[in-house]
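Chemist: Mind looking over this structure? Questions follow.
In the numbering used here, the protein residues as written are 107 to 477.
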């Protein structure tokens with residue numbers, strides 16, 4: 107596919123030489139993200155009428171996998187921008203919101219963030235405490251969000267807040283905000299295990315006032331809409347994990363061919379060959395599951411179970427592939443002289459974000475038992 111070739115050429119020239127330093131410093135690569143926007147990679151799913159590429163979920167998964175081969179942090183930026191904030195506005199925003207926000211999001215002139223997780227609610231998203239109460243003709247938002255990707259650099263923020271606490275998940279509403287509102291504070295979070303060049307932040311809302319035109323979708327319907335966002339997000343995280351696993355395998359193969367022991371390349375030793383065989387097999391299986399879920403999504407067919415399967419298998423397969431890649435590199439794999447240790451640290455997020463592995467198993471089991 108021409109698009110993935112273009113992404114590969116860009117990553118080889120712009121990302122591969124810089125990913126190590128981005129990881130070391132934890133610096134968000136704003137200049138490279140801007141170039142991604144110029145390539146059209148920040149408007150993957152946005153319809154052409156709003157300035158996007160209008161791609162389906164399958165093409166988007168291929169793009170995200172390709173970026174992840176080179177840098178997990180950058181792939182996470184692409185995945186979250188496209189799959190969370192932009193998709194929420196694309197699917198559930200008013201026409202006025204789409205006209206206002208989607209074109210600059212698609213071009214990369216603005217970055218998007220999506221705020222669901224809170225200090226006391228992760229997997230139990232329905233237990234969020236951030237509240238939005240009626241205030242005149244608008245709303246007043248109070249609470250705290252954490253682990254928000256693009257939280258401190260985003261220009262458009264979709265926030266989920268409780269508007270009817272007694273209804274729990276049936277009393278949540280989405281709002282779209284922009285930085286600079288009185289009472290909105292953003293604090294970048296550092297010290298992460300991996301994905302260090304991906305911006306992560308805590309957001310605080312101290313009586314932030316917005317008009318009703320900031321509401322995205324129906325009142326008290328935000329969580330139902332969010333479930334659709336999360337299903338799509340699981341496909342993109344599965345693609346990201348597949349790309350990390352693929353990158354680790356490629357690094358391991360290259361090293362195994364070059365490194366010698368006992369007078370011959372270590373690639374000739376059966377123990378390592380079997381490891382590489384398992385890594386390649388699981389990576390191909392992960393890609394097949396991701397592509398199946400993405401295809402169903404593109405066809406407008408139910409894909410929740412398949413998305414959970416893809417995300418679960420791909421994330422755990424990536425962890426195994428990255429761990430084995432470190433093992434194949436031996437002592438060098440334990441240093442940042444080679445990228446496999448970064449792949450391993452980045453891959454761990456895929457078992458946590460967009461629903462933990464335990465949540466995915468719960469989703470899959472529920473679907474299986476329901477027939």
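Glycine residues also receive a C-beta, built at the ideal position from the N, C-alpha and C atoms.
Just so you know, these numbers come straight off a predicted model, no measurement behind them.
Classify residue 359 as helix, strand or coil using the three-state DSSP reduction.
Modeler: Taking the first residue of the chain shown as position 1, residue 359 is located at position 253. Helix at residue 359.
Chemist: Counting along the chain, where does the beta strand (DSSP E) carrying residue 312 start and finish?
Modeler: Against the chain shown, residue 312 aligns to sequence position 206. Unbroken beta strand (DSSP E) run through residue 312: 306–317.
Chemist: Please list the terminal residues of the continuous beta strand (DSSP E) segment that includes residue 375.
Modeler: Position 269 of the chain shown holds residue 375. Here residue 375 belongs to no beta strand (DSSP E), and DSSP marks it neither H nor E.
Chemist: Where does residue 325 sit, in a helix, a strand or coil, going by DSSP?
Modeler: As a position in the chain shown, residue 325 is number 219, starting the count at 1. Coil at residue 325, not helix or strand.
Chemist: Pull up the DSSP beta-bridge partners for residue 240, would you.
Modeler: Within the chain shown, residue 240 is the residue found at index 134, counting from 1. Paired residues: 245.
Chemist: For residue 317, which residues from the same chain have a beta carbon less than 6 Å from its beta carbon, with the 5 sequence-adjacent residues on both sides left out?
Modeler: Taking the chain shown and counting its residues from 1, the one referred to as residue 317 is at position 211. Correct list, in chain order: 244.
Chemist: Runs of 3 residues minimum, wholly inside the stretch 141–228: which ones carry the beta strand (DSSP E) assignment?
Modeler: Taking only runs of at least 3 residues, the beta strand (DSSP E) segments lying wholly in the stretch 141–228 are 218–221.
Chemist: Can we say the stretch 416–429 touches the stretch 191–201, given the rule of at least three CB pairs closer than 8 Å?
Modeler: Result no; under three Cβ-Cβ pairs closer than 8 Å.
Chemist: Apart from the five residues on each side of it in sequence, which residues of its chain come closer than 8 Å, Cβ to Cβ, to residue 126?
Modeler: Taking the chain shown and counting its residues from 1, the one referred to as residue 126 is at position 20. Excluding residues within five positions, the ones whose Cβ falls inside 8 Å are 442, 445 and 448.
Chemist: Quick one: is residue 460 near chain B, going by C-beta distance under 8 Å?
Modeler: No chain B appears in this structure, which consists of one protein chain only.
Chemist: What whole-angstrom Cβ distance do residue 178 and residue 300 have, given they're in contact under 8 Å?
Modeler: The residue given as residue 178 occupies position 72 in the chain shown. The residue given as residue 300 occupies position 194 in the chain shown. Residue 178 to residue 300, Cβ: 7 Å. Contact.
Chemist: Using 10 angstroms around the beta-carbon of residue 435, count the other beta-carbons present and answer buried if the total reaches 16, otherwise exposed.
Modeler: Residue numbering aside, residue 435 sits at position 329 when the chain shown is read from its first letter. Result: buried.
Chemist: Which residue's Cα is closest to the Cα of residue 401: 345, 271 and 272?
Modeler: Mapped onto the chain shown, residue 401 falls at position 295. Comparing Cα-Cα distances from residue 401 to each of 345, 271 and 272, the minimum goes to 345.
Chemist: Report the residue ranges of all beta strand (DSSP E) runs contained in full by the stretch 402–451; include only those spanning at least 3 residues, in chain order.
Modeler: Correct list: empty.
Chemist: Helix, strand or coil, according to DSSP, for residue 133 in the structure here?
Modeler: Within the chain shown, the letter at position 27 stands for residue 133. The answer is coil: DSSP assigns residue 133 none of H, G, I, E or B.
Chemist: Is it right to say residue 479 is buried, meaning 16 or more other beta carbons lie within 10 angstroms of its own, or is it exposed?
Modeler: Nothing about residue 479 can be reported from this structure: the residues present for the chain run from 107 to 477 only.
Chemist: State the CB to CB distance for the pair residue 323 and residue 267, rounded to an integer number of angstroms; the pair is presumed to be in contact (CB under 8 Å).
Modeler: In the chain shown, the residue the question calls residue 323 occupies position 217. In the chain shown, the residue the question calls residue 267 occupies position 161. Going by Cβ atoms, the distance from residue 323 to residue 267 rounds to 12 Å, so no, they are not a contact pair.
Chemist: If contacts are defined as beta-carbon pairs under 8 Å, then residue 337 and residue 238 qualify, I think. What distance do you get, rounded to the angstrom?
Modeler: Looking up residue 337 in the chain shown gives position 231. Looking up residue 238 in the chain shown gives position 132. That belief does not hold up - the Cβ atoms of residue 337 and residue 238 are roughly 24 Å apart, past 8 Å.
Chemist: Measure how close the beta-carbons of residue 510 and residue 349 come, nearest whole angstrom, since I'm counting them as under 8 Å.
Modeler: Because the chain in this structure spans residues 107 to 477, residue 510 falls outside the shown range and cannot be described.
Chemist: Expressed to the nearest angstrom, what Euclidean distance is found between the alpha-carbon atoms of residue 108 and residue 160?
Modeler: Numbered from 1 along the chain shown, position 2 holds the residue referred to as residue 108. Numbered from 1 along the chain shown, position 54 holds the residue referred to as residue 160. Going by the C-alpha atoms only, they are around 15 Å apart.
Chemist: Going straight from the alpha carbon of residue 408 to that of residue 330, what length do you get?
Modeler: For this step, residue 408 is matched to residue 302 along the chain shown. For this step, residue 330 is matched to residue 224 along the chain shown. Cα-Cα distance, rounded: 15 Å.
Chemist: Give every residue of the same chain whose Cβ lies closer than 8 Å to the Cβ of residue 320, excluding the five residues on either side of it in the sequence, and list them in chain order.
Modeler: The residue given as residue 320 occupies position 214 in the chain shown. So the qualifying residues of the chain are 244, 245, 281, 282 and 283.
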